[in-house]
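Read in order, the letters of the sequence shown correspond to residues 1 to 327 in UniProt numbering.
For each residue, glycine too, the CB sits at the ideal point set by N, CA and C.
Right, one structure below, let's go through it.
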Amino acid sequence: MKSKSITRSFVFLLLVLLYSLQQMSWAKEIPIYTGSPYYIDSKRILYFNIPQPSEGIIAAQLDLDQIFPNIDMEFLEQKNYLFKNNQIQIISYQAPPIHIDFTIDTENKEVQKSTYHLVYKGQERRLHKAINIQSQPISFEILNQFEQNFNVKSQDWLGKNLSAEPYMLNTLMFYAAINRFDDMNEFMQNLIKNLTQSQDVNDYKKAKALYLQYLIENTEFNDIDLIMATIEHHDLDFLNNMRLRQLNQIVIDEIEPYTYYFTMCSPLGKAIRLNQFQTVALLLNKGASIEKVCISKFNEQQSALEVAKKYKNKRVLKLIESYLNKP
Numbered sequence: 001m002k003s004k005s006i007t008r009s010f011v012f013l014l015l016v017l018l019y020s021l022q023q024m025s026w027a028k029e030i031p032i033y034t035g036s037p038y039y040i041d042s043k044r045i046l047y048f049n050i051p052q053p054s055e056g057i058i059a060a061q062l063d064l065d066q067i068f069p070n071i072d073m074e075f076l077e078q079k080n081y082l083f084k085n086n087q088i089q090i091i092s093y094q095a096p097p098i099h100i101d102f103t104i105d106t107e108n109k110e111v112q113k114s115t116y117h118l119v120y121k122g123q124e125r126r127l128h129k130a131i132n133i134q135s136q137p138i139s140f141e142i143l144n145q146f147e148q149n150f151n152v153k154s155q156d157w158l159g160k161n162l163s164a165e166p167y168m169l170n171t172l173m174f175y176a177a178i179n180r181f182d183d184m185n186e187f188m189q190n191l192i193k194n195l196t197q198s199q200d201v202n203d204y205k206k207a208k209a210l211y212l213q214y215l216i217e218n219t220e221f222n223d224i225d226l227i228m229a230t231i232e233h234h235d236l237d238f239l240n241n242m243r244l245r246q247l248n249q250i251v252i253d254e255i256e257p258y259t260y261y262f263t264m265c266s267p268l269g270k271a272i273r274l275n276q277f278q279t280v281a282l283l284l285n286k287g288a289s290i291e292k293v294c295i296s297k298f299n300e301q302q303s304a305l306e307v308a309k310k311y312k313n314k315r316v317l318k319l320i321e322s323y324l325n326k327p
């Protein structure tokens, strides 16, 4: 049952600036570059971009294990990362701040040299330790070409670039920045939502590719939009491989035209309404709740059993009853 809730605006909502404006006004769009958004992936890589006014960006990546070996991801994410010109400041609550200094090769437009040191009670300790920051310049021309390709090319193009281009995430971060996203998780959430609301199956495939590359291990990513789209596309293999972190979240599933009454469902409720027996079985095996799976347009809470009876699917009904009768 297709969601009728929101008319598709543009799949890539973030791509609202023309290339000419990008080329002329990076500094105008972000007058004081703060390094936002930055991103730390599950491999403990810190991604950030260094603006090059009128030219593009320097995409940079720092393996934080060089500074914090064996520290839990949770603690890395709790630290504050401040970006000031050619310096990154890492602020911790219970440890001295760390300053990372780097220089740019003005000819090759890459990070040339980088070191870090501790700052203790306002006094910098001068023991500088060398670290490696991987980097690559990306011109506005390349960024513009990426925008065009993302919109018109197939998922195969995106999939190849995700696996072969190590600075693809930095490119996405550029578009997050010029569209005023301070948080990369929020940006990716918005992007996945736009792609899954599209009626083009190719956009759904792009959302899947982005999820597998960047989001599957991200505990902050809300995957409900992708779960619901996966059920709509009856994509059991992909659904089985998802983390299903929002397995029991109830969201708007259908809006009636003209009246604008809406029905809300969890993924299990949606699968029951679509009479997808295999999907229902999979979600139940994954631990889906059966007590409240839908809220009707009249604000009535409905259990999995009630929804199955309403849609008169005997196989689904029998399956749910077997779960209810489990000791």
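Three-way DSSP call (helix, strand, coil) for E244 in this model: As a working mapping, residue 244 is identified with position 244 in the sequence shown. The residue you asked about is not Glu; residue 244 is Leu in the sequence shown. Three-state DSSP puts L244 in coil, outside helix and strand.
For I32 and P137, what's the separation of their Cα atoms in angstroms? Taking the first residue of the sequence shown as 1, we reach residue 32 at position 32. Taking the first residue of the sequence shown as 1, we reach residue 137 at position 137. Because the pLDDT of I32 is 45, which lies under 50, any placement of that residue in the model is unreliable, and the question is left without a value.
By the three-class DSSP mapping on this structure, what secondary structure does K292 have? Looking up residue 292 in the sequence shown gives position 292. Reduced to three states, the DSSP call for K292 is coil.
Going by DSSP, what residue range makes up the beta strand (DSSP E) through A59? For the purposes of this step, residue 59 is taken as residue 59 along the sequence shown, with counting starting at 1. Counting along the chain, the beta strand (DSSP E) containing A59 begins and ends at 56-63.
Candidates S322, L118, M264: closest to E256 by CA position: The residue labelled residue 256 in the question sits at position 256 within the sequence shown. Nearest of S322, L118, M264 to E256, Cα basis: M264.
Reduced DSSP secondary structure (H/G/I, E/B, other) of I216: As a position in the sequence shown, residue 216 is number 216, starting the count at 1. Residue state, collapsed to three classes: coil.
Would you call the region 140-157 in contact with the region 99-118, where contact means no fewer than 3 C-beta pairs closer than 8 Å? no
Helix, strand or coil: how does DSSP classify Q276 here? Here residue 276 refers to the residue found at position 276 of the sequence shown. Looking at Q276 - three-state DSSP - the assignment turns out to be coil, as it is neither helix nor strand.
Return the chain-ordered list of same chain residues with a C-beta closer than 8 Å to the C-beta of I224, the five sequence neighbours on each side being excluded. One-based indexing of the sequence shown puts residue 224 at position 224. Once the five neighbours on either side are set aside, the close Cβ partners of I224 are Q246, Q249, V251, P267.
Nearest CA to the CA of R243: which residue from L226, S139, I272? Sequence index remark: in the sequence shown, residue 243 carries index 243 (1-based). Among L226, S139, I272, the Cα nearest to that of R243 belongs to L226.
CA nearest to the CA of Y93, picked from L76, N85, I104: Here the question's residue 93 lines up with position 93 in the sequence shown. When only C-alpha atoms are compared, the closest one is L76.
From W26 to L62, what distance separates their C-alpha atoms? Translated into the one-based positions of the sequence shown, residue 26 becomes position 26. Translated into the one-based positions of the sequence shown, residue 62 becomes position 62. Note that W26 has pLDDT 42, beneath the 50 cutoff, so the model's placement of it is unreliable and no number is given.
Minimum length 4: unbroken alpha helix (DSSP H) runs contained in the region 178-223: 184-197, 201-210
Near T196, what residues of its chain come up, given a Cβ to Cβ distance below 7 Å and the 5 sequence neighbours on each side ignored? Stepping through the sequence shown from its first residue, residue 196 is reached at position 196. Answer for T196: Y204, A207, D225, L226, A229, listed in chain order.
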